[in-house]
Each structure stands twice: as C-alpha cells, then as structure tokens.
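Encoded as structure tokens, the structure appears first; notes follow it.
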Amino acid sequence: MRAGRAAAAALWTGEALLHRAALRWDADGQLLEITPAEAADPLLPGLLSVGFVNAHAHLELSHPGGPVPGGAGSVAWVRALGARGAGPLPPGALAGAAAAARAAGCAALIDHSNSALDASPEEADQVAAAMAAAGLRGVVQAECIGLGPARVEAQLAAAGPPRQVAHGVWVRPTAHSPVSCAPGLLRAALGAVGPGLPAATVHCDEDEADLALLADRAGPWAHFHAGLAALRPGHDWAALLGQAPSGVALLDTLGLLGPRLGLVHLTAARPADLDRVAAAGATAVLCPRSNRHITGRLPPVRGLLQRGARLALGTDSLASAPDLDLLAEAALLADALPDVDPAVWLRALTTGGAALLGPAAAPPLAVGAPLPPLLHLPAPALADPRDGLRALLDGSPWPRRWLQRTAGAAA
Ligand SMILES: [Zn+2]
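Be aware that the sequence shown starts at 82, since it is given in our numbering, and climbs by one per residue.
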C-alpha cells in the first residue's frame, strides 16, 4: 500500500460529520490524521463515509422473481412465501446477493438463516462464506424456532455453537421471534453474549398479530399455531408459548433486553415497549420498506427517537424488498420525517448496526488505527453538509464507490 491522502466536501467518521475534511494515511494503512481540507486539495464531491452496516437481511431468500405479495400482514406474507415454494437458490444467487449488498455500500451485514429449521448448519456457513467472498464482514444468525422441550434442544443443536467461519464473519444462534419460540429457547439462543461475539438480533412485534398472539392467544398467528398443532396430537402450543402484552414485554420479563440485543421491526410496538427498548439500551433494527410492503405501515421511528433509542437499518430479504440498497431505507425514513436531522440516518446506516457487531467489524475512523474501507457517494457539493446529506437521502440511486486506499482515488 502507498501512503495517501483524500479530501471530501463532507466526511462521516462514524461519529462526526465534518465539512471539507481531509484524511492522511501511511504505507501500512494506518490513519495518521483527520484535518480540515486545504485549498490545494482536490475535493471529492458529496460524502466520504465509513461503510454501511445492513443490520437485517436474509440472503437465502434471494430467489429471482422479486417480493412475494404483501399488504395483508406478516402471517399472510409468510403463507405466500411458503406457497411460492421456491426451493433451493439457483447457482450463483447467494454470491450475487452478497456482492449486490457490498456494491450498495455495505461493509458489513447481519443476516438471518433458516439453517437450524432445515437442520442444515452448513447452510449458515455457506452464507457466511458468500459474505466473506464478497468482502463483507458480519454475522449469520442461525434462527431457532420451537416450543416443545425436545424441539428446543434439537434446534439449538442444529444451529451449532457460535463460530467464526471466515475473517470477520461469524455464525451464531438466535431465536426467530417471541411468537415462534418457547421462553427457554429465547433465553438459550439470545442469551449467548460475550466479548468479541456479535450480538443476537431477533424479529419482534412486526405486526399486530404478534401482540394478539402473545397477549390473548388470538389472531392469525394463533390460527397458524393451531394448524401446525393439528398435525401433532398432544402438542399444547398455547401452554408452551410465553405470555405477555408484546414481544418486547416478554423479552424484558425474561431479562433479555439489553445493549447486546437487536430487535428487528418493532412496527407494532406500543409506547410502553418503546420505553422498555430505550431504557434497556437495545437497538431497534428498522426495515421500513419491508414493513410498508408486508404490513402497510412504518415503524414508530419518531417515538424511538424521542426516547433516544439506538437505531440501525436493514433491508430485510428480497422476498419483501426490491433490492439490498440500505440507502433507500434511510431515504424512506428521511422522507417520512423531514424535520429530523439527516445525520440521524447516517448514524443508523453505519454506527447503529456496527454497535451490534462489535467494533472490529465496521470501525469508526480513529487516528492511529487501520483505515477501514471508505465509501464515496458523489452528490452535488452544497455549502452546508446537512443540505448535502438531504440531497443524498432524496431517494435517488446515487452511485457508490469504494475508495482505493492505495491511490487516494475512487474506483
Ligand atoms: Zn427478517
């Protein structure tokens, strides 16, 4: 590597938004300094940033044909997904999806895999290998689903232990959702925390049906469980499921809410649940395009922001979103909440998800530390960097380029 220097109209370090800033690094790739740009610096237009972290995806659902029909809620969507019966992914689809995520500006990704449900731990490892091959860091969360004690043990065994499959890419067990897991499974799968181990993420309160099931054993999820139970005589699903007013409340009761947990969706979360999420320091992982497609509504972002909750963004799968472009998720929220400081979305695009992975996966810029890959989003150079951010979040498919550290030029 050659020593180099780059300057941009706006620089997002992962922690601060700087106007007309420059970076200098040495031949070992160590960041030497961050300074104001000098008059002689060729200024990259738009934003130079640490990479995005897509905090929720399902690369296994990258079948051709686009999203399955939505709009009638998550239970109907799950049934439609099952009815499509897409089967295994075509050759190259997994690698193509991982490469698309990287090309869209993601440095790291938090994926969810059905490997435990399929009793095929190698499926999660294959996703992790595809991520590594695409240059992504992150974690594949092997989802466990089950209510009966034997089922719980089998799912945990099928998910396998936390493991590092490639440099910077992990596989770890998680629970699918409070509506599909016994309390014991939630505890065992989500409670695995430790230094260096990426946090667990779990689907939570995506739909009013989640709350109806957990609170009253009613609604479409109750019909879904009853249908499965009809195939297994003596399976007392209602007694095996946790009971609480919501998924957030159940996880709180179980002592699982905390900074090492990401709660995916929260579309139907009530104010009391937003209080719980913020007080615990858990991260809300928002997938607004998927929510709009499946449930027809957006997550309660303003309530989360008012409480100072941590936010991350995810695309969800290609079965409920048109692509793996995380910037489009932020653009949708910026459009829905035009009064919110656009730096909030920049933080959610990057640092929010990075906090769930641990600092090594997608680090902020730090003088004296290795320079991480930098993402350049060319956009009109505007006098105020926040106006420039608003332009980047206008929904346009702005190009993404990874800065080549060796030459200090975009490639
Ligand atoms: Zn999901």
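Beta carbons: idealized from backbone N, C-alpha and C, even for Gly.
Could you give the C-beta distance for residue i and residue j, rounded to a whole number, given that I count them as a contact under 8 Å?
{"i": "residue 264", "j": "residue 335", "result": "6 Å"}
{"i": "residue 257", "j": "residue 224", "result": "4 Å"}
{"i": "residue 327", "j": "residue 367", "result": "Rounded, the Cβ-Cβ distance is 17 Å, inconsistent with contact."}
{"i": "residue 106", "j": "residue 455", "result": "Actually they are not in contact, since the Cβ atoms of residue 106 and residue 455 sit about 10 Å apart, beyond 8 Å."}
{"i": "residue 104", "j": "residue 86", "result": "7 Å"}
{"i": "residue 222", "j": "residue 192", "result": "7 Å"}
{"i": "residue 259", "j": "residue 331", "result": "5 Å"}
{"i": "residue 423", "j": "residue 458", "result": "At roughly 13 Å, the Cβ-Cβ gap does not stay under 8 Å, so residue 423 and residue 458 are not in contact."}
{"i": "residue 460", "j": "residue 129", "result": "Not really, about 11 Å apart at Cβ, beyond 8 Å."}
{"i": "residue 278", "j": "residue 230", "result": "Wrong, their Cβ atoms sit about 26 Å apart, outside the cutoff."}
{"i": "residue 350", "j": "residue 329", "result": "6 Å"}
Got a sec, what are the start and stop residues for the beta strand (DSSP E) residue i sits in?
{"i": "residue 93", "result": "85-93"}
{"i": "residue 137", "result": "133-138"}
{"i": "residue 193", "result": "187-194"}
{"i": "residue 428", "result": "First-last for residue 428: 424-430, but that is the alpha helix (DSSP H), not the beta strand (DSSP E)."}
{"i": "residue 175", "result": "It is not in any beta strand (DSSP E) - residue 175 instead sits in the alpha helix (DSSP H) that spans 174-184."}
{"i": "residue 391", "result": "391-394"}
What residues are listed by DSSP as bridge partners for residue i?
{"i": "residue 281", "result": "342"}
{"i": "residue 219", "result": "190 and 250"}
{"i": "residue 224", "result": "255"}
{"i": "residue 368", "result": "None, per the DSSP bridge assignment."}
{"i": "residue 106", "result": "85 and 112"}
{"i": "residue 129", "result": "92 and 457"}
{"i": "residue 98", "result": "93"}
{"i": "residue 245", "result": "251"}
{"i": "residue 405", "result": "Looking at the DSSP assignment, residue 405 forms no beta bridge with any residue, so it has no partner."}
{"i": "residue 117", "result": "102"}
Give me, in chain order, the residues of the same chain whose beta-carbon lies closer than 7 Å to that of residue i; leave out the 5 immediate sequence neighbours on both sides.
{"i": "residue 388", "result": "355, 356 and 359"}
{"i": "residue 490", "result": "The pLDDT assigned to residue 490 is 36, lower than 50, so where the model puts this residue is not dependable, and the model offers no usable value."}
{"i": "residue 379", "result": "369, 372, 373 and 417"}
{"i": "residue 384", "result": "352 and 355"}
Excluding the 5 residues flanking residue i on each side, which residues of the same chain have their C-beta closer than 6 Å to its C-beta?
{"i": "residue 300", "result": "290, 293 and 294"}
{"i": "residue 183", "result": "215, 216 and 217"}
{"i": "residue 84", "result": "107 and 108"}
{"i": "residue 152", "result": "377"}
{"i": "residue 432", "result": "95"}
Suppose the cutoff is 8 Å on Cβ atoms and the five residues either side in sequence are ignored; what does the same chain contact list for residue i look like?
{"i": "residue 309", "result": "316 and 318"}
{"i": "residue 488", "result": "Because the pLDDT at residue 488 is just 38, under 50, the model does not fix this residue reliably, and the point stays unresolved."}
Can you name the start and end residues of the alpha helix (DSSP H) that residue i belongs to?
{"i": "residue 355", "result": "352-361"}
{"i": "residue 295", "result": "289-297"}
{"i": "residue 467", "result": "466-473"}
{"i": "residue 208", "result": "202-214"}
{"i": "residue 479", "result": "Where residue 479 is concerned, there is no enclosing alpha helix (DSSP H), given that its DSSP letter is neither H nor E."}
Taking 7 Å as the CB-CB limit, is residue i close to chain C?
{"i": "residue 306", "result": "In the displayed structure, chain C is absent; only one protein chain is listed."}
Taking only heavy atoms of ligand 2 into account, decide whether any of them is closer than 6 Å to the Cβ of residue i.
{"i": "residue 182", "result": "The model on display carries ligand 1 but not ligand 2."}
Q: Give me every residue whose Cβ sits closer than 6 Å to any heavy atom of ligand 1, in chain order.
A: Any residue whose Cβ sits closer than 6 Å to a heavy atom of ligand 1 makes the list: 137, 139, 193, 284, 345 and 397.
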